[in-house]
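Trainee: Residue numbers (our numbering): 480 to 1109.
C-beta atoms are modelled at their ideal positions from N, C-alpha and C, and glycine is treated no differently.
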Ligand code: ADP
Ligand code: MG
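1) What is the DSSP secondary structure of residue 489, counted as helix, strand or coil?
2) In chain order, what residues of the same chain have a beta carbon less than 8 angstroms from the beta carbon of residue 651, not counting five sequence neighbours either side?
3) DSSP three-state call for residue 941: helix, strand or coil?
4) Counting only the same chain and skipping the five closest in sequence on each side, list residues whose C-beta sits under 6 angstroms from that of residue 555.
5) In this structure, how does DSSP classify residue 790 when only helix, strand and coil are distinguished?
6) Looking at residue 689 and ligand 2, is the gap between the Cβ and the nearest heavy atom below 8 angstroms?
7) Please find out if some non-hydrogen atom of ligand 2 comes closer than 8 angstroms to the beta-carbon of residue 515.
8) Taking the runs of the alpha helix (DSSP H) that are 4 residues or longer, which of them lie wholly in the stretch 846 to 904?
9) Given a threshold of 16 other Cβ atoms within 10 Å of its Cβ, counted over all protein chains shown, does residue 1050 qualify as buried or as exposed?
10) Looking only at its chain, what residues have a beta carbon closer than 7 angstroms to the beta carbon of residue 918, apart from the 5 residues adjacent to it on each side?
11) Taking the straight line between their C-alpha atoms, what separation do you get for residue 939 and residue 842?
12) Give me, in chain order, the residues of the same chain whose beta-carbon lies closer than 7 angstroms to that of residue 685; leave out the 5 immediate sequence neighbours on both sides.
13) Please give me, in chain order, every unbroken run of the beta strand (DSSP E) with length at least 3 that falls completely inside the stretch 944 to 992.
14) For a test of your reading of the model: does the CB of residue 611 fall under 8 angstroms from any non-hydrogen atom of ligand 2? Yes or no.
15) Could you check what DSSP says for residue 618 in three-state terms: helix, strand or coil?
16) What is the DSSP secondary structure of residue 654, reduced to helix, strand or coil?
17) Hey, out of 848, 888, 649 and 673, whose CA is closest to residue 882's CA?
18) Looking at ligand 4, does it come within less than 8 angstroms of residue 780, judged from the CB to the closest heavy atom?
19) Write down every uninterrupted run of the alpha helix (DSSP H) in the stretch 541 to 584 whose length is 4 residues or greater and which is fully enclosed by it, in chain order.
20) Taking only the alpha-carbon atoms, compute the straight-line gap between residue 1069 and residue 1075 and give it to the nearest angstrom.
21) Check residue 908 in the structure and name its three-state DSSP category.
22) Return helix, strand or coil for residue 705, following the three-state DSSP convention.
23) Can you give the Cα-Cα distance for residue 910 and residue 1104, rounded to whole angstroms?
24) When we look at the beta-carbon of residue 1005 and count the other beta-carbons within 10 Å, is it buried (16 or more) or exposed?
25) Taking just the CA atoms, how far does residue 902 sit from residue 1106?
26) Would you report the Cα separation of residue 490 and residue 626, rounded to the nearest angstrom?
27) CB of residue 658 to nearest heavy atom of ligand 2: below 8 angstroms?
28) Roughly how many angstroms lie between the CA atoms of residue 696 and residue 801, to the nearest whole one?
29) Our contact map puts residue 1009 next to residue 968 with C-beta atoms below 8 angstroms; I'd like the distance itself, whole angstroms only.
30) For residue 1057, is the classification buried or exposed, using 16 other Cβ atoms within 10 angstroms of its Cβ as the cut-off for buried?
31) Using the C-alpha atoms, what's the distance from residue 714 back to residue 972?
32) Measuring CB atoms only, is the stretch 530 to 539 touching the stretch 780 to 792, in the sense that at least three cross pairs come out at less than 8 angstroms?
33) CB residue 504 to CB residue 612, shorter than 9 angstroms?
34) Mind checking residue 1085: buried by the 16 CB within 10 Å criterion, or exposed?
35) Spatial neighbours of residue 764 within its chain, please: CB distance less than 6 angstroms, with the 5 preceding and 5 following residues excluded, ordered by chain position.
36) Which value, in whole angstroms, describes the spacing of the CA atoms of residue 501 and residue 864?
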C-alpha cells in the first residue's frame, strides 16, 4: 500500500563515489569517446543473458517475446541516441542500487589508480564496472526507462540525470527491458549516423551473441524496419577455420573491456566423456583488477552452459596464479541450474579446470618458443603472479618453473630474461647446483659479497630480488635434476668446479687463519654464531652467511616489518684472510683498537646484507677514526 506514494518524481543525490566518477567522466575523458557504445551494448547484452537464464526456471518472464535483441535508434533532429534492449530490466530499487551507487570495492581502487592520463583512464573505466557512466562522455543528459521482466506494465521506472550530482526517478508505463536515451552534447553529432554506428558495432560489438539492430536507411533517412548489423553468434561456437585474427581480437576487447589487443589465445573444442569449448586469452597488459590483491572478487572467465551465460567463474575454473587469463568456457554437460557451491565440488568442473590450466601452460610455452618479445612482455607483466604457481600447483611445478625468468650475473641489467634451462645449458663442467642469491633489490643482489668467488670463477648466479622469490624458492628445491642452492647459505663447495683451486693451499690458509679467527670470536662475542674463513670472498673483507635451513635475512626483515615473529638467527661471519683489514686486526696488539676494527668488519658485512646497523653513530665514529689515522 505504501508504495503507491512513490509514483511522484523524486530527486536524489548520487553517492559520493558515483559523483566523483561522473565528474571524471564528464571533465577528463575525451579520447576513445566511443567506448560508451561498447559499454551500453555490453550492459544490454548482460541484461539479455540474465533474462535468458532466469527464464529457464520461469518461462513466463519472456512475456511471449523471447527474441532477445538490442535496437539502436538515432534522431538527428532531437539529437538523441537510444539503445533499447528487451532483457531483464530493472525495478525501482534496482535502478537506485545499480545506477545510483557503486557497490564494488573496485571503484575505490579505480579512483585511486587514476593517473590523470585521460587515455589510460578511459581504458580503466569499463574494467571497474562503472561502464554505465561512460554515457556521460558524450551526453549532457541521460534518460533511462526500464521495467523488470515479470512486473506489471505500470511498474516501469524513469531515471533522468545530467550527471552533475543528482538524478530524478519516477514511475512510468514501460515495456519490458531497458532503453537508454542519450541527449548528445554539442559536437557529438557523429554518433547520429547509421554508418558511424555500424562501424563501431563491427569494431567493438560484432560478437555480442544477440542481434544488434539499426534502422534500415532509405534516401538518407531511417525507415521503421530494422536490420541486424552484427554477427550475433557466440564467437567460440564458430569453427576456427572461419575466424580471423581480428575476429578474435574484437571479441577479446569486448570481453575484457580492454583497448589493447590480446597477446595470444587458444580456442579448443573438447569432445569425449564430456564436451566443452574453451577460448582463453592472454592479455598483453595487466588487467587492473587482476593485479591488485587478486584473491577477492576475481573475474575474467565466463562460464556458459549450452550458450547460456551462467556466471563469472574465474575462481572455480582457474587457479589464482593464472588469474591474468581472460575468456569463456562453454559446457555441454553441466546442469543449467548449477550453483557456485556445485561448481566448487564437481567432477566435470575439475576436469575443465585442469584443461584450462593445461591449455594455458601450453599457450605460454608456445609463446616462449615462438615470440620472445611478447613472452618477455608477459614475464614483465605477470611473471611474479606465475611464480605463485610454484607453491600452489605442485603437479605442474616443473612446467611452471620452465616458464620463469630471472636476472643473473650473466644477463644485462635487472630485466628478468634468464630461464632455468638457459642457466643449466651454460653451467661449467663440474658445477652441480643452480646457484642463486636473494636480496632486497637488484643492486643488493648483484653486489652481494657472497657471490664474489663464484663470479671470479665465471659461475653464473641467479639474482632473486622480488618479494615473492624467497617464498617461492621454499617450494622449488630442484629443477631439471639440479638442486637450487642459495649462495649465502651453508658451505660453498668449490672444489668440484673447474678452476676450483688448490685444495691443499686452502686448507693451509684455514689453518693459518686460526689465530685471527679466535681473536675475532673473542672480540665479537655474542654478536655472531661463528666466525670462519670464507670460500666465497675474493675482494671484500667479510660477509654474513646463514645455515642451510635458516630463513634468508631479508626475508626475516620482511616478516618483522609485516608484524610477524621471525626467528632471529644469529649470523655467521665469514672473513677473507687475504684482506688488509683482517690482517690489520690480526697484527693489532691494542685490544681496544682491534675490537673497533672487528666491529667494523662485522658492520660492513651487515650493511652489504641490507641490514640496519644496531649502532650507526658508533659505525660512523669508527670509520672516521680509521680515516683520520690513515
Ligand atoms: P557493470 O556492467 O560492470 O555491472 P555498469 O556501470 O555498466 O557496470 O552497470 C551497472 C549495473 O546497472 C549493471 O550491473 C546492471 O545491474 C545495471 N544495468 C545497466 N544497464 C542495464 C540494462 N540495459 N539492463 C538491465 N540492467 C542494467
Ligand atoms: Mg557494464
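Mentor: So, from the data block:
1) Strand, per DSSP.
2) Cβ neighbours of residue 651 within its own chain (closer than 8 angstroms, five residues either side excluded): 624, 635, 636 and 637.
3) Here residue 941 sits in strand by DSSP.
4) Non-local C-beta neighbours of residue 555 in its own chain, meaning closer than 6 angstroms and more than five positions away in sequence, comprise 671, ordered along the chain.
5) In the structure shown, residue 790 sits in a strand (DSSP, three-state: E or B).
6) For residue 689, the CB stays at least 8 angstroms from every heavy atom of ligand 2.
7) Incorrect: residue 515 has no Cβ contact closer than 8 angstroms to ligand 2.
8) Those alpha helix (DSSP H) runs which fall completely within the stretch 846 to 904 and span 4+ residues are 851 to 871 and 876 to 882.
9) Buried: at least 16 other Cβ atoms inside 10 Å.
10) Cβ neighbours of residue 918 beyond the five flanking positions: 924, 927, 944, 1033 and 1089.
11) Each residue's alpha carbon lies about 29 angstroms from the other.
12) Contacts found: 709, 710 and 729.
13) Under the rule that a run must span 3 or more residues, the beta strand (DSSP E) segments found entirely inside the stretch 944 to 992 read 961 to 965.
14) For residue 611, the CB falls within less than 8 angstroms of some heavy atom of ligand 2.
15) Residue 618: strand per DSSP, three-state reduction.
16) In this structure, DSSP gives residue 654 a state outside helix and strand, which the three-state scheme calls coil.
17) Measuring from the Cα of residue 882, the nearest candidate turns out to be 848.
18) No copy of ligand 4 appears in this structure; the ligands present are ligand 1 and ligand 2.
19) Counting only runs that start and end inside the stretch 541 to 584, the alpha helix (DSSP H) elements of at least 4 residues fall at 571 to 579.
20) Each residue's Cα considered, the two are about 10 angstroms apart.
21) Coil, per DSSP.
22) Of the three classes helix, strand and coil, the one that applies to residue 705 here is strand, per DSSP.
23) Distance between the alpha carbons of residue 910 and residue 1104: 44 angstroms.
24) Exposed: under 16 other Cβ atoms inside 10 Å.
25) One alpha carbon belongs to residue 1106, the other to residue 902, and they sit about 43 angstroms apart.
26) Straight-line Cα distance between these residues: approximately 19 angstroms.
27) Checking the Cβ of residue 658 against ligand 2 gives no.
28) When rounded, the distance between both Cα atoms is 47 angstroms.
29) Not really, about 14 angstroms apart at Cβ, beyond 8 angstroms.
30) Per the 10 Å Cβ criterion, exposed.
31) If I take the Cα positions, the gap works out to 59 angstroms.
32) Contact annotation: the stretch 530 to 539 touches the stretch 780 to 792, with at least three C-beta pairs closer than 8 angstroms.
33) Cβ distance < 9 angstroms, so residue 504 and residue 612 count as in contact.
34) Residue 1085 should be labelled buried.
35) Closer than 6 angstroms at the Cβ level, and outside the excluded window around residue 764, lie 739.
36) A straight line joining the alpha-carbon of residue 501 with that of residue 864 spans about 33 angstroms.
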